[in-house]
Amino acid sequence: MKRLSRKLTLALAALFWIAALLYFILLNSRKILPDQRNEQPQVKEISDAEWDDLLEEFEEKSYLNAHRWKPGQDPYSLYAFNQRESERIPSNRALRDTRHYRCTTLHYDPDLPSTTIVITFHNEARSTLLRTVRSVLNRTPVHLIHEIILVDDFSEDPNDCLLLTKLPKVKCLRNKRREGLIRSRVRGAEAAGAGILTFLDSHCEVNKDWLPPLLQRVKEDPTCVASPVIDIINMDTFAYVAASSDLQGGFDWSLHFKWEQLSAEKRAMRADPTEPIKTPIIAGGLFVIDRSWFNRLGKYDTAMDIWGGENFEISFRVWMCGGSLEIIPCSRVGHVFRKKHPYIFPEGNANTYIKNTRRTAEVWMDEFKLFYYSARPAARGKSYGEQELRKSLKCKSFKWYLDNSSGVIRQRQNCLESRIVKGQDLPVLTLAPCSITKDVPAANQVQNYLA
Ligand SMILES: [Mn+2]
1 MKRLSRKLTL ALAALFWIAA LLYFILLNSR KILPDQRNEQ PQVKEISDAE
51 WDDLLEEFEE KSYLNAHRWK PGQDPYSLYA FNQRESERIP SNRALRDTRH
101 YRCTTLHYDP DLPSTTIVIT FHNEARSTLL RTVRSVLNRT PVHLIHEIIL
151 VDDFSEDPND CLLLTKLPKV KCLRNKRREG LIRSRVRGAE AAGAGILTFL
201 DSHCEVNKDW LPPLLQRVKE DPTCVASPVI DIINMDTFAY VAASSDLQGG
251 FDWSLHFKWE QLSAEKRAMR ADPTEPIKTP IIAGGLFVID RSWFNRLGKY
301 DTAMDIWGGE NFEISFRVWM CGGSLEIIPC SRVGHVFRKK HPYIFPEGNA
351 NTYIKNTRRT AEVWMDEFKL FYYSARPAAR GKSYGEQELR KSLKCKSFKW
401 YLDNSSGVIR QRQNCLESRI VKGQDLPVLT LAPCSITKDV PAANQVQNYL
451 A
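Numbers 1 to 451, taken from UniProt numbering, label the letters of the sequence shown in order.
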């Protein structure tokens, strides 16, 4: 018996040692794990059920109630759109799928890269800001959203932004003073963790499958900047209305953006309505861009203030420095279009717009800046920026841009005439009625750039 129990004790001791050894081996291998995790992006994603729970947990009512419209108030006074109506509409309302039916048959790569969505705002209505974020969370495949970065440009209530970080993937950055759209976007872009940036306005609603077609295009060609078709959210009723997908961006010489019908020629060439549309300029609020390409281009012109003009600057920059701009018809995002700005420009609306557009004209438009000054004489005498960046990027001329970005520039019904005057280096430019006879342009008019 004694022998047996001794054998048993020995066996148990041996077993104990083996167990202890195994325990230490396991412990050590666990210690390595966190490092490995750092090297590789986490693959595990939130399940649909967990995702729904996270969305449900957000206390939407108390978020909205804090700044609700009160009976007797003018519902337009704070935001220049109907605040009462916006609050009446649920944050997760159903939208009509406004795409061409052929879009639903398209397939996108299963391994599309994820994106950081940057949304900047200043005193945005909570209802529209929340609907922007929720529409993104509801209508985007989870794995394609790396994060949503809200950049609060010094709004009165920091909680407008901070409370939204309870929603999954949402982060909030707050400026210490008013910086304007451009510097806020750059701040968001610099904090982004994904290789692709998606800029959105703060009063939008994304529609079904809005993101994959944009990511697909930028993945295929990282120098391509992709925009959705921008549907209209009515500022009075908040009805979601489909916009025409036969439009491209355009502008006049005073650098005012406008939508232009595609030319008959361009429309005839479009056999497939799902094909991207090259555009000389983007509206500026919503687009997807490869982050390295954005950085290589020098991001935005951060000397620009508040709002306006930045869409010209980035559009000229992209085209002239080797990229292109496209509208992707199978991506639809609604936007509340307003008649005026709800916020104050510290230096005045017109002054800021002139300062920003003059910087654009001086840096990018070469001799064509004379057209700009002729259309906007008040811009003379304003300060503007350096041209260093453009030189270092070795970008093409503005003439090349006009010839190759498939755009037209219209100045109402007038053409710009250039006359060579003896003793002057630059031609003298004047606006005059177009003297076109049967497609034969008058020799002294800059005919190519008119409708
Ligand atoms: Mn907007």
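No residue lacks a Cβ here, since even glycine has one placed at the ideal position from N, Cα and C.
Keep in mind it's a predicted model, so treat the numbers as computed, not measured.
Handout entry: Spatial distance of Ile32 from Thr116 (CA atoms)
Key = As a position in the sequence shown, residue 32 is number 32, starting the count at 1. As a position in the sequence shown, residue 116 is number 116, starting the count at 1. Here the model assigns Ile32 a pLDDT of 39, short of 50, so the residue's position is not dependable, and the following value carries that caveat. Roughly 29 Å between the two C-alpha positions.
Problem - Which of helix, strand or coil DSSP assigns to Ala226 - result: Numbered from its first residue, the sequence shown carries residue 226 at position 226. Here Ala226 sits in strand by DSSP.
Exercise for the section: Following the continuous alpha helix (DSSP H) through Thr360, name the residue where it begins and the one where it ends. Expected result: Residue numbering aside, residue 360 sits at position 360 when the sequence shown is read from its first letter. Element bounds for Thr360: Asn349 to Trp364.
Problem - Beta carbon nearer than 6 Å to a non-hydrogen atom of ligand 1 - result: Asp201, His203, Gly285 and His335
Exercise for the section: Would you list, in sequence order, the uninterrupted alpha helix (DSSP H) runs of no fewer than 4 residues that lie entirely inside the segment 96-174? Expected result: Those alpha helix (DSSP H) runs which fall completely within the segment 96-174 and span 4+ residues are 126-139 and 159-162.
Exercise for the section: On the DSSP bridge assignment, give the partners of Cys204 in chain order. Expected result: Counting from one through the sequence shown, the residue named residue 204 turns up at place 204. According to DSSP, Cys204 bridges with His335.
Problem - Environment of Phe207 [buried if 16+ CB atoms lie within 10 Å] - result: For this step, residue 207 is matched to residue 207 along the sequence shown. The question names Phe, but residue 207 in the sequence shown is Asn. Buried, by the Cβ-count rule.
Practice task
Name the residue from Cys224, Ala375 and Trp51 whose alpha carbon lies nearest to the alpha carbon of Phe287.
Solution key: For the purposes of this step, residue 287 is taken as residue 287 along the sequence shown, with counting starting at 1. When each option's Cα is compared against that of Phe287, the closest is Cys224.
Problem - Where Thr9 falls: helix, strand or coil (DSSP) - result: Taking the first residue of the sequence shown as 1, we reach residue 9 at position 9. If DSSP states are grouped into helix, strand and coil, Thr9 belongs with the helices.
Problem - DSSP beta-bridge partners of Tyr240 - result: The residue given as residue 240 occupies position 240 in the sequence shown. Paired residues: Ile233.
Practice task
Kindly confirm or deny that the segment 369-382 and the segment 250-257 touch, where touching means at least three C-beta pairs closer than 8 Å.
Solution key: yes
Problem - Sufficient close CB pairs (3 or more, under 8 Å) joining the segment 126-133 to the segment 207-223 - result: no
Exercise for the section: Look at the alpha carbon of Leu150 and the alpha carbon of Ser244, and state the distance between them as a whole number of angstroms. Expected result: Reading the sequence shown from its first residue, position 150 is the one you call residue 150. Reading the sequence shown from its first residue, position 244 is the one you call residue 244. So the two alpha carbons sit approximately 29 Å from each other.
Problem - Whole runs of the alpha helix (DSSP H) within the segment 251-325, excluding any shorter than 4 residues - result: 264-269, 291-296 and 310-320
Problem - Residues near Arg317 in its chain [Cβ-Cβ closer than 6 Å; skip 5 each side] - result: Taking the first residue of the sequence shown as 1, we reach residue 317 at position 317. Only Leu297 meet the Cβ criterion.
Exercise for the section: Give a yes or no on contact between the segment 219-233 and the segment 156-163, applying the rule of three or more CB pairs nearer than 8 Å. Expected result: no
Handout entry: Residues that Glu196 bridges to, as DSSP identifies them
Key = Position 196 of the sequence shown, counted from the first residue, corresponds to residue 196. One point to set straight first is that residue 196 is Ile, not Glu, in the sequence displayed. Thr115 and Asp290, per the DSSP bridge assignment.
Handout entry: Whole-number beta carbon distance between Gln248 and Ile327, since they are thought to touch under 8 Å
Key = Numbered from 1 along the sequence shown, position 327 holds the residue referred to as residue 327. Numbered from 1 along the sequence shown, position 248 holds the residue referred to as residue 248. Yes, they are in contact, since the Cβ atoms of Ile327 and Gln248 sit about 7 Å apart, within 8 Å.
Exercise for the section: For the segment 307-325 and the segment 187-196, state whether three or more C-beta atom pairs, one from each stretch, are separated by less than 8 Å. Expected result: no
Problem - Environment of Pro110 [buried if 16+ CB atoms lie within 10 Å] - result: Within the sequence shown, numbered from 1, the residue matching residue 110 stands at position 110. Pro110 should be labelled exposed.
Problem - Inter-residue Cα distance where the pair is Leu325 and Lys258 - result: Position 325 of the sequence shown, counting from 1, holds the residue named residue 325. Position 258 of the sequence shown, counting from 1, holds the residue named residue 258. Between Leu325 and Lys258, the C-alpha separation is close to 16 Å.
Practice task
Find out if the Cβ-Cβ distance for the pair Ala80, His335 is shorter than 9 Å.
Solution key: If you number the sequence shown from 1, residue 80 lands on position 80. If you number the sequence shown from 1, residue 335 lands on position 335. Cβ atoms of Ala80 and His335: not closer than 9 Å.
Handout entry: Residue of Thr120, Ile89, Pro75 and Asn138 minimising C-alpha distance to Asp209
Key = As a working note, residue 209 is residue 209 in the sequence shown. Residue Asn138 is the option with its Cα nearest to Asp209.
Problem - Cα-Cα separation, Asp153 to Met304 - result: Here the question's residue 153 lines up with position 153 in the sequence shown. Here the question's residue 304 lines up with position 304 in the sequence shown. The straight-line gap from Cα to Cα measures roughly 15 Å.
Practice task
Taking only heavy atoms of ligand 2 into account, decide whether any of them is closer than 8 Å to the Cβ of Ile344.
Solution key: In terms of ligand content, the structure shown lacks ligand 2 and carries ligand 1 instead.
Problem - C-alpha gap between Phe398 and Ser47, whole angstroms - result: Locating residue 398 in the sequence shown gives position 398, where the first residue counts as 1. Locating residue 47 in the sequence shown gives position 47, where the first residue counts as 1. Each residue's alpha carbon lies about 50 Å from the other.
Problem - Reduced DSSP secondary structure (H/G/I, E/B, other) of Pro346 - result: For the purposes of this step, residue 346 is identified with residue 346 of the sequence shown, where counting begins at 1. It is coil, neither helix nor strand.
Exercise for the section: Tell me, please, which residues DSSP counts as bridged to Ile327. Expected result: Taking the sequence shown and counting its residues from 1, the one referred to as residue 327 is at position 327. Answer is Ser227 and Ile277.
Handout entry: Distance CB(Pro329)-CB(Ile277) smaller than 9 Å
Key = Within the sequence shown, the letter at position 329 stands for residue 329. Within the sequence shown, the letter at position 277 stands for residue 277. In contact: Pro329 and Ile277 (Cβ atoms closer than 9 Å).
Problem - Range of the contiguous alpha helix (DSSP H) that encloses Leu54 - result: Counted from its first residue, the sequence shown places residue 54 at position 54. Asp48 to Glu57 is the extent of the alpha helix (DSSP H) around Leu54.
Exercise for the section: Would you please state the rounded distance, in angstroms, between the beta carbons of Tyr63 and Arg126? I believe it to be under 8 Å. Expected result: Here residue 63 refers to the residue found at position 63 of the sequence shown. Here residue 126 refers to the residue found at position 126 of the sequence shown. Distance from Tyr63 to Arg126 at the Cβ level is roughly 6 Å; contact confirmed, criterion being Cβ atoms closer than 8 Å.
Practice task
My understanding is that Gly308 touches Thr352, with C-beta atoms under 8 Å, so please give their C-beta distance in whole angstroms.
Solution key: Locating residue 308 in the sequence shown gives position 308, where the first residue counts as 1. Locating residue 352 in the sequence shown gives position 352, where the first residue counts as 1. Contact flag correct, Cβ pair sits at about 6 Å.
Exercise for the section: Can you give me the Cβ contacts of Pro75 inside the same chain, cut-off strictly under 6 Å, excluding the 5 residues immediately before and after it? Expected result: By 1-based counting over the sequence shown, the position of residue 75 is 75. Only Trp69, Asn82, Gln83 and Arg84 meet the Cβ criterion.
Problem - Identity of the residues DSSP links to Leu247 by a beta bridge - result: Within the sequence shown, the letter at position 247 stands for residue 247. Answer is Gln261.
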